[in-house]
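In our numbering, the protein residues as written are 1354 to 1854. Below is one structure, written out as structure tokens; comments come after it.
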Amino acid sequence: MGLQTWNSVRALDFVTSLDDVDPTRLAVTGASGGGTQTFLIAAIDPRLAVAFPAVMVSTAMQGGCTCENSSLLRVGTGNIEFAALFAPKPLGMTAADDWTREMTAKGYPELEEHYRRHGALDNLMMISQIRFPHNYNQVSRLAMYAWLNHHLELNQPEPITESDYDRQTAEQLTVFDDQHPRPAGGPDFERALLRWWDADAQLQMAALRPRDAESLRAYRHVVGNAIDVLIGRSLPDGGDVEYEQTDKVDEGAYLRMVGLLRNKPAGEELPIEFLFPKSWESSVAIWVDSQGKAGLYGEDGKLRGEVQRLLDNGVSVVGVDLLMQGEFLADGESAEPTRKVGNPREAAAYTFGYSSSLFAQRVHDILSTVAFVRSHEYQPKQVAVIGLGEAGPLVAAARAQARDAINVAVVDTRGFRFADVDDIHGANFLPGGAKYDDLLGMLAVSAGDRLFLAGETADSASLVRDAYAAAGANDALQLDASEPESRSAAAIDWLLKQFAR
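As structure tokens, this is what we get:
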């Protein structure tokens, strides 16, 4: 879909380069998949004066082909809003006996209101011909001719009619011949194209690598904005997150409180547990674990030694069940997502073009937790987020989005890279996650904030080290080289020193 849209841009580049073309009077039209390409190019290219997407603008089915879908494209939006991006320019449409049949009542009234607010209602039109199936038939074409005639000021007499024509032979219609051979194609060409596309992107990323304060700002602008899109949410407003307590137990030296955390605008609810020491020293550690809030405890049901150490030092500890963890699961249910679309041409875009990945949604849950803790009436002086083991990548992504709301982070990557995820249904699949320097890019954009980084070597973490050097914050990065079994203890030792500052 991205490649086809780029081809549309380049087609406009070519057309506008011709001497006999008026670049102020350019129109685009297409039906079905061509309708998708019409409203997408109309949304992003300001050179177009008129658009006429046929039988595709709808609140129902959004596109049945992989060429009409792209991961992240329609999360929280859809074709009606894409078409609306062309306002106040002239936009004509058709509907038929297909997924567009309800446009008169669903979608078009909203577009009318949108154009009315622009003071351009005369620039919007829809022909609904639901007696015909999915088509770009003569009735629809005649409507398009009249629309272009008027808005491009072609001054053709109306009604415009179509002339008879002689159908050309295959030889007459063929562009490629001995003098103009057909370009390469097929699966091998596609693989080569994708390799080139990736190599080109990597060259651009290498040129962005932070070297000083100025290049770090440029890196954050490109990569930080990209991560915003990949995760799809930043830190929510504290007032949008509320807590309902369901139980409170006095455990002697600390209080244990459990309840539900709600992100009201998002309609999300998280089981959460707070461990609050009676001698609180104004610091909070959010413990992110692959087992959810159960990760606060060992197999014996007692608090993990690391959690107990934090409490003993006056640090409040928070555990939370992220989506598909803990209380989200029935007994014996797997935390791995199993939902698939009923399409034999399975592609990530069919699911993640419309819904955030599980990884992204879990990051959203961490951000909701951080926002609540940050806005709590007790006003903690320092907030840390701890991600050991499998939770490390989630914390890295949340840190990139939470900015300075997280004072201190502990991230054990275990060498994880999004590029190594080979299953689009895996819990750590993130569309586009590998493109912008992978997991290390997420850590690099927040360079300057205190970070305990385990699971990497000096060489593998060179990008993060360069970013911290560019930020003038070498001392804020602790690159831990301990073995996996001793990392949690080393992390808590370091974290307690940070809280003592």
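Note that CB positions come from ideal geometry on N, CA and C, so glycine has one too. The model shown is predicted, which means the values in this text are computed figures rather than measured ones.
Give a yes or no on whether the C-beta atoms belonging to residue i and residue j are separated by under 8 Å.
i	j	result
Ile1739	Ile1639	yes
Leu1649	Gly1667	no
Asp1856	Pro1486	Since the first residue of the chain shown is 1354 and the last is 1854, residue 1856 is not available in this structure.
Val1761	Gln1661	no
Met1479	Ala1448	yes
Ser1497	Gly1460	The question names Ser, but residue 1497 is Met in the sequence shown. Contact: no.
Ala1402	Leu1379	yes
Phe1405	Thr1382	yes
Leu1310	Leu1628	One cannot answer for residue 1310 here, as it falls past the ends of the chain, which runs 1354 to 1854.
Gln1754	Ile1513	no
Phe1725	Gly1591	yes
Ala1384	Ala1364	no
Ile1759	Asp1802	yes
Leu1393	Ile1433	no
Glu1656	Ser1721	The question names Glu, yet the displayed sequence has Leu at residue 1656. No.
Val1716	Arg1573	no
Glu1659	Ser1841	yes
Gly1416	Thr1377	no
Gly1742	Arg1767	yes
Leu1711	Ala1647	no
Thr1358	Arg1698	no
Arg1312	Phe1529	This structure does not reach residue 1312, given that the chain is present from 1354 up to 1854, and the question cannot be answered.
Gly1808	Asp1773	no
Val1575	Leu1561	yes
Val1611	Asp1603	no
DSSP has residue i in a bridge; who is on the other side?
i	result
Asp1765	Ala1807
Phe1405	Thr1382
Ile1480	Thr1447
Met1610	Lys1601, Phe1627
Glu1621	Asn1616
Ile1397	Ile1397 is not bridged to any residue.
So residue i and residue j are in contact, right, with Cβ under 8 Å, and what is the actual spacing, rounded?
i	j	result
Leu1806	Ala1814	6 Å
Gly1785	Arg1427	At roughly 15 Å, the Cβ-Cβ gap does not stay under 8 Å, so Gly1785 and Arg1427 are not in contact.
Val1641	Ala1744	4 Å
Val1582	Leu1425	6 Å
Ser1411	Met1456	6 Å
Gln1491	Glu1515	7 Å
Gly1645	Gln1678	4 Å
Val1763	Ala1844	5 Å
Leu1783	Ile1719	Leu1783 to Ile1719, Cβ: 14 Å. No contact.
Pro1563	Ser1636	Incorrect: roughly 30 Å between the Cβ atoms, too far for contact.
Ala1701	Ile1777	4 Å
Leu1501	Leu1507	7 Å
Tyr1703	Asn1422	6 Å
Ala1523	Glu1511	About 35 Å; that fails the 8 Å criterion.
Can we say the stretch 1610-1622 touches the stretch 1740-1757, given the rule of at least three CB pairs closer than 8 Å?
-> no
Using 8 Å as the threshold, is the stretch 1470-1477 in touch with the stretch 1430-1446, meaning 3 or more CB pairs across them?
-> yes
Which runs of the alpha helix (DSSP H) spanning at least 4 residues fall entirely within the stretch 1560-1595, listed in chain order?
-> 1566-1572, 1578-1584
Identify every run of the beta strand (DSSP E) within the stretch 1632-1704, keeping only runs that are complete inside it and at least 3 residues long; order them along the chain.
-> 1636-1641, 1668-1673
Could you give the uninterrupted runs of the beta strand (DSSP E) lying entirely in the stretch 1806-1850, keeping only those of 3 residues or more?
-> 1830-1832
Does the stretch 1780-1794 come close enough to the stretch 1829-1844 that 3 or more CB-CB pairs lie under 8 Å?
-> no
Would you say the stretch 1559-1578 touches the stretch 1817-1826, given that touching needs at least three Cβ pairs under 8 Å?
-> yes
Within the chosen definition, does the stretch 1599-1610 reach the stretch 1697-1717 through at least 3 CB pairs nearer than 8 Å?
-> no
Any alpha helix (DSSP H) of 4 or more consecutive residues that is wholly inside the stretch 1716-1802 = 1745-1755, 1791-1797
Secondary structure, alpha helix (DSSP H): runs of 4+ residues fully inside the stretch 1498-1554 = 1523-1526
Which ranges would you report for the beta strand (DSSP E) in the stretch 1409-1460 if only whole runs of at least 3 residues count?
-> 1444-1448
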